[in-house]
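S.K.:
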Ligand SMILES: [Zn+2]
Ligand SMILES: [Zn+2]
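Residue numbers (this note's numbering): 100 to 399.
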């Protein structure tokens, strides 16, 4: 196989997929959700997850239930629905055939208390069996360091415990994932066509125009800085303004103090012609933006 591989990850559930496969649909949250990664022709990978409720589920029963739902959906179609299911170690594997073919595992992770059902669905005449094996065998639902993986369109990183996704934009030309951890925010963005975006302006000019207006309640300073081998910026901010002062005063009486600092990094990766920005609001001494920045491999 001469495929190049990347990671697709959502809510910590990660799989290796060929680089020309794209995460096109996501829904739900970390407890119950769905993600779909489409191949370049007509195949697709689907992953569903749901909380088990603190007890190991009967995966065989869940698998049969899943197949019977698929069979009901296939009833009106001209193809006969056939399926197989078997226990394989801790997991259950199934395959089915109708107007399309599908295969995949069901697995349970006791640590995350999640049941995962993944399947590779393809037309009857498209042979994806080799890719399917690699993709499905690569499925993980948590990292060993306790952080949560997120990955799409070649942008891969992880966020610390406590950060939940709040908003996202999944266009290959503009990716944005915004996370929230009580009062703290973490925003990771990537733009394609960097040269067009900059339009001859300096990186700092672009940042002032495109990003600073979204930063509210912080007095910021932009400093030109190398980020790895790239031309980049470091942005620092301190909570400012009456609203922030009141919020901070109110929050200081609770267990969850309001962030008083902002740290951001932005850089221009010429090799990939992309712009990257990572910024976080945080407490004094926290280095979330630095760690997330260091996860990102912007070019090969
Ligand atoms: Zn897990
Ligand atoms: Zn780069």
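All residues carry an ideal CB built from backbone N, CA and C; glycine is no exception. Only a predicted model underlies this, so the values are computations on that prediction, with no experimental measurement involved.
Along the chain, where does the alpha helix (DSSP H) that runs through residue 232 open and close?
M.R.: 228-236 is the extent of the alpha helix (DSSP H) around residue 232.
S.K.: Using a Cβ-Cβ cut-off of 6 angstroms (strictly less than) and excluding sequence neighbours within five positions of residue 308, which residues of its own chain qualify?
M.R.: Here the set comprises nothing.
S.K.: Looking at the strands, I want to know which residues DSSP matches up with residue 113.
M.R.: Per DSSP, 108 and 239.
S.K.: May I ask you to report which of helix, strand or coil DSSP gives residue 266?
M.R.: It is a strand residue.
S.K.: Contact between the segment 276-290 and the segment 372-383 is defined here as three or more beta-carbon pairs at a separation below 8 angstroms; is this criterion met?
M.R.: Flag = yes, the segment 276-290 and the segment 372-383 touch.
S.K.: Within 8 angstroms, do at least three Cβ pairs link the segment 221-229 to the segment 107-114?
M.R.: No: fewer than three Cβ pairs fall under 8 angstroms.
S.K.: Measuring from each Cβ to the nearest heavy atom of ligand 2, keep the ones under 6 angstroms and list them in chain order.
M.R.: Any residue whose Cβ sits closer than 6 angstroms to a heavy atom of ligand 2 makes the list: 329, 368, 370, 371, 397 and 398.
S.K.: Can you check whether the CB of residue 391 is closer than 8 angstroms to the CB of residue 274?
M.R.: No, the pair does not count as a contact, with Cβ atoms beyond the cut-off.
S.K.: If residue 254 sits next to residue 122, beta carbons under 8 angstroms apart, how far is it from one beta carbon to the other, in whole angstroms?
M.R.: Wrong, their Cβ atoms sit about 10 angstroms apart, outside the cutoff.
S.K.: Within its chain, find whatever has a CB closer than 8 angstroms to the CB of residue 156; leave out the 5 residues flanking it on each side and keep chain order.
M.R.: Cβ within range, chain order: 207 and 214.
S.K.: Taking the C-alpha atoms as reference points, what is the distance between residue 359 and residue 266?
M.R.: The alpha-carbon atoms of residue 359 and residue 266 are separated by roughly 22 angstroms.
S.K.: Tell me where the beta strand (DSSP E) around residue 313 begins and ends.
M.R.: Run containing residue 313: none; DSSP gives neither H nor E here.
S.K.: Hey, how far is the Cα of residue 377 from the Cα of residue 247?
M.R.: The straight-line gap from Cα to Cα measures roughly 16 angstroms.
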